[in-house]
Every structure is written in C-alpha cells, then in structure tokens.
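Its first residue numbered 1, the sequence shown is counted upward by one per residue in full-length UniProt numbering. Where is the CB? At the ideal position from N, CA and C, for every residue including glycine. Since we're looking at a predicted model, the values are computed, not measured. Written out below as structure tokens is the structure these notes cover.
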Amino acid sequence: METTIWQTYPQDEVVVVGIINTSNQTQINNFIEENSLTFPILFDPGSPGGVQGGDTYNDYYLPNDGSPYPRDFIVDQEGTLQYANNEIDTEWMHYVLSECLFETQSAYSQMVFVEDFTAAEWCPYCPVASLTMNELYDQNPEQIVSIQWQVGSQYFNEEDCQYYQLGNCVDARGSLYDVTGIPTEVFNGTGIVVGADIDWENFARYDSAFQSLSENMTDYDIMIDGSKEGSNINYSIDIVNDNDSVFYGHNLHVFIVEDSILTTWNYQGSGDSLAFARNVVRDWFTDSLSYDSSNGNQIFSGSFVIDQNEWNTDQIKIIAILQDELTNEVYQAAQQNVNHFESLDIDQNGLKESPNIPLSYFLYQNHPNPFNPTTRINYKLPDNEFVSIYIIDIMGREIKSLVNTNQEAGFKSVQWDATNNLGQSVSAGMYIYTIQAGEFRQTKKMVLLK
C-alpha cells in the first residue's frame, strides 16, 4: 500500500515530500520524524474515498483523516482544482498539483535534432536548403542540434564513413528514413521536409517544422564528457532517464562530425559560392539501451582517432541522440566539441571549468537524481558574474552553500556530497537547489536516498 506524505505550511502551501510503500503507521511516523515534518497530512489511495471513479476522469481525494492540520481537496487528472476547503483554495495549489502529483511529467527540455541530406556540388537545390538550415540553427543555437549528410563530391567522399555491415553512412541513414531525393531535412526522426527552391519560402517551411517541436519536454537528458590526448579521443555519454520503464527499444547513436568546413556550393543557375558546411558526419556508432530496474541512468564509452590529415582538429564534435528503433522518433540530442575535454580543469573545490562561452544562463538538473551519496550540478554562465548556489530543505532552511564567489563566463559544474555547512551528513528526502547569477535566478528539486 502506498502512502503519499505531504508537508503543509501556514500560507496554505502543500508539497509532496515522498511516497513510501507502506501503510504501517509506525513506518509513516518514522518517515515524518526523519524528515522533520510539522503538520503532515497523509493520502492513501487505497482508503475509502481515496480514489473515486468519474464519467470523464478520476478524482483524487485527500480526506480529512484527523491529521493535526487537515486539508481537503479534489483534483482531476489534469491538475485542475475541483474542490477545496477555503483554507487551501489558493493559486499556489495549481503549481503543487501539476509539479508534484502526477508521475508522468517530463523533466527536461527536448533539443530539436535536424538531419540535412545534401550535396555541395552537383545538386543545384541543396545549397539553398543547407544554408537556410544554417540560418535556422544560428537563430536557435540553444535548441537545435544538427548534422549534415553530404552525398559524394570532391570535398566529401561518402565511402570514408562506413556503418558496420550496412555500407556507407549516408546510404544507411537515408534508408532509415526512405530518403529518395535531396535536399531532405529530417526533424527529430519523424518530421521530413523535402525539396528547396530559390522561389520558395524555405526558411518559413523549416522554421514551422522547428517551432512545432521546440516546446517539447522529455524524460531523458544526455551528458557528454571525455578526454583528449593529441588526436586520441575517449568519450563518455551519460543517459539520464527519469522514466526507466520505457527504456526498451531505444538506441544511442553517436556521430563524430566536423564543423565549419569552407566549401564551394553550386547554386541553382547562379554559379559557385563559398560557404560553410556544418557538422558533416565523419563517423557513426550505435549502442542499444537496456532496462536496469536498479538504475534508470546508463553510461556508454568509446574512443576514436582524429584524422589530422583530413579533418580540422579544432572543429571536431561528438553528437549523441537517443532514438526509438521502431518509430525513429528522437527523444533527446546533445553535442560537445572535443576541445572541451582537453581544457577542462578541476580545482581543489571540485569545480569544473571550461573555456567555452555559452550564449545564455542555464541550470541543469542534478545528476544522478535521486542520488546517494554524491550528485553533480552543471550550469552555464554567458557573462562574468557573482554566483551563489545554495541548497535548502523543504522547510526553507539553508543546508549548504556550494558556490559564493565571482566566476568567469563558461560551462560550470559543482558537486554536493549530501553534507551541510558543518560537514555533517543530512537525512534522506527532497532538497531544493538555487542559482543566483546577476539577475538570473533558477531553482530545481532533487532527492537524496539512503
């Protein structure tokens, strides 16, 4: 029997602290004591009135069970408050119900992954499509990850990239989507836009496909790390999964790409012009993800050698995507320039420093989450700022100050070892971490298990 433990506040705020698989009152009392809860209320879905059937939805009831600070409310599955006593009928309830009550909520913003099937020379329509895609990426660099499949020319020999026993990479990837002509743009593995012309509104067509996906959320996140020694690259890709029950049938595709290749493009009836080819695929690897009931996250590692005679060593990236092997839908994408590995330093406080400058502020979900005993928090600073990162408990008390100093712009990371400011271990439960950098402020939740 599951019992959901809530914490009430004098301002009529209610927070889900956790779900424990018991209805034993002694165990419930122990949980309440360990988490220092005051005025707790319990919700037992199996109790009379706990869950009621309706014509169009199931109502969730929190009955007045004699708790020291009782609250009554009814909410439908969309999180809409149907009834509440006048002590709890506040706008804050909508946030609580939408953020805490439903387990199906996705946690991460989904990157839009675009594959550009093109050719620089012999395809007169391709330059229009590829350079329009470059423009779309330049306007949305924080939301798009793109790769380019170049069909053979003097600049790109498609036989250089071989995908296992399926032949060259371009043909193998094109067969996946039944690509029969170029230019073709594939958005998140399922949205296919074919053709381009100087008389068409190409940007509007591509932007429409992007906008339809740009607000999507996902249960997955991807983190890329590694090391670089000369031309030898070792990488590690961490797949964060907040819903491990749906990990079946997913593949991790890793693309080694070269960016910003100055190329002669043959425009439609307009002669040749120099422009960049972006993220051209040089190699491609695939791993199948498996279900692990003890840990939803999975880590994959690999290595490759940069061809210093053919590749621009300053422009090599690793791009990773998580894709459904049946529907081809891409659930998440990430990218990292391998020069980031070479220049990543860790100081005595466990802070990672990267010289790359991001375009915007961002606070990532800690990883792993839930965690025991340590977790890492990554964040991005586009400007030099005084940065404060601190952790509070569900009562609003500061537990730990992780960062409180001036920092230069870049990609940053800090680790928490589940101790307070006195160096003492803290109890299991939900904690809230906040970053303040100039005018930027963002907060996320994390859970410590013991």
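**Item:** Bridge-paired residues (DSSP) for Met223
**Value:** Asp238
**Message:** To the nearest angstrom, how far is the alpha carbon of Ile389 from that of Gln365?
**Reply:** 13 Å
**Asked** Excluding the five sequence neighbours on either side, which residues of its own chain have a C-beta within less than 6 Å of the C-beta of Ser427, listed in chain order?
**Response** Glu34
**Message:** Using CA atoms only, rank isn't needed, just tell me which of Asn384, Ile318 and Asp238 is closest to Arg376.
**Reply:** Asp238
**Reference Ile233; option with closest CA among Arg282, Ile318, Arg173 and Ala196** = Ile318
**Request:** Report the residue ranges of all beta strand (DSSP E) runs contained in full by the UniProt domain "FlgD/Vpr Ig-like" (385 to 437); include only those spanning at least 3 residues, in chain order.
**Result:** 385 to 393, 398 to 407, 410 to 416 and 429 to 437
**Asked** Under 9 Å, do Ala209 and Val193 count as touching if we go by C-beta distance?
**Response** yes
**Item:** contact_flag[the segment 117 to 126, the segment 143 to 156] where n(CB pairs < 8 Å) is 3 or more
**Value:** yes
**Asked** If you pair each beta-carbon of the segment 212 to 228 with each one of the segment 272 to 292, do three or more pairs fall below 8 Å?
**Response** no
**Request:** Could I get the ranges of all uninterrupted alpha helix (DSSP H) runs contained in the segment 186 to 219, with 4 residues as the minimum, in chain order?
**Result:** 202 to 211
**Prompt:** Would a C-beta distance cut-off of 9 Å place Ala320 and Ile224 closer than the cut-off?
**Reply:** yes
**Asked** Which one or two residues does DSSP pair with Glu258 in a beta bridge?
**Response** Val280 and Ile316
**Message:** At the level of alpha carbons, what is the spacing between Ile261 and Gly429?
**Reply:** 50 Å
**Prompt:** Nearest CA to the CA of Asn337: which residue from Val257, Pro127, His253 and Cys169?
**Reply:** Val257
**Prompt:** Under 9 Å, do His367 and Asp221 count as touching if we go by C-beta distance?
**Reply:** yes
**Request:** Look up Val302 in the DSSP assignment and give the residues it is bridged to.
**Result:** As written in the sequence, residue 302 is Gly, which differs from the Val given in the question. Note: Gly302 sits in a beta bridge opposite Tyr235.
**Prompt:** Cα separation between Phe413 and Ser288?
**Reply:** It is worth fixing the name first, because residue 413 is Ser in this sequence and not Phe. So the alpha carbons of these two residues sit roughly 29 Å apart.
**Message:** Given the structure, does Ala119 come close to the ligand ZN, in the sense that its CB is under 8 Å from one of the ligand's heavy atoms?
**Reply:** As presented, the structure is devoid of all ligands, the ligand ZN included, so that no description of it is given.
**Message:** Among Leu166, Asn168 and Gly191, whose alpha-carbon lies nearest the alpha-carbon of Tyr177?
**Reply:** Gly191
**Request:** State the DSSP-derived secondary structure class of Tyr177, mapped to helix, strand or coil.
**Result:** helix
**Prompt:** Alpha carbon to alpha carbon, what distance is there between Asn134 and Pro141?
**Reply:** 10 Å
**Request:** State the CB to CB distance for the pair Met111 and Ile147, rounded to an integer number of angstroms; the pair is presumed to be in contact (CB under 8 Å).
**Result:** That pair is no contact at about 12 Å.
**Message:** For Leu363 and Lys444, which I take to be in contact (beta-carbon distance under 8 Å), what is that distance rounded to the nearest angstrom?
**Reply:** 6 Å
**Asked** Ala333 to Ser227, Cα distance in whole Å?
**Response** 20 Å
**Request:** Determine the extent of the beta strand (DSSP E) in which Asp138 is found, giving its start and end residues.
**Result:** From DSSP, Asp138 is part of no beta strand (DSSP E) but of the alpha helix (DSSP H) over Cys126 to Gln139.
**Asked** Looking only at its own chain, which residues have a Cβ that is under 7 Å from the Cβ of Phe300, when we skip the five neighbours before and after it?
**Response** Ile237, Leu252 and Asp287
**Asked** For the candidate residues Leu448, Ala409, Tyr433 and Arg441, whose alpha-carbon lies nearest to that of Ser425?
**Response** Leu448
**Item:** Unbroken beta strand (DSSP E) run spanning Val112, endpoints
**Value:** Val112 to Thr118
**Prompt:** Which residues mark the beginning and the end of the beta strand (DSSP E) in which Leu449 is found?
**Reply:** Counting along the chain, Leu449 falls outside any beta strand (DSSP E), and DSSP gives it neither H nor E.
**Item:** For Tyr164, the three-state DSSP class (helix, strand or coil)
**Value:** helix
**Item:** Beta bridge counterpart(s) of Ser360 as assigned by DSSP
**Value:** BP columns for Ser360 are empty, so no partner.
**Message:** Can you list, in chain order, the residues of its chain with a C-beta nearer than 7 Å to that of Asp417? Leave out the 5 residues immediately preceding and following it.
**Reply:** Pro373 and Thr374
**Distance CB(Ser401)-CB(Asn369) smaller than 9 Å** = no
**Message:** According to DSSP, simplified to helix, strand and coil, what is Glu229?
**Reply:** strand
**Request:** Grab the span of the beta strand (DSSP E) containing Trp122 for me, first residue to last.
**Result:** Careful: Trp122 lies outside any beta strand (DSSP E) and carries neither H nor E.
**Message:** Restricting to Cα atoms, I'd like to know which of Asn384, Gly396 and Ile399 is closest to Glu439.
**Reply:** Asn384
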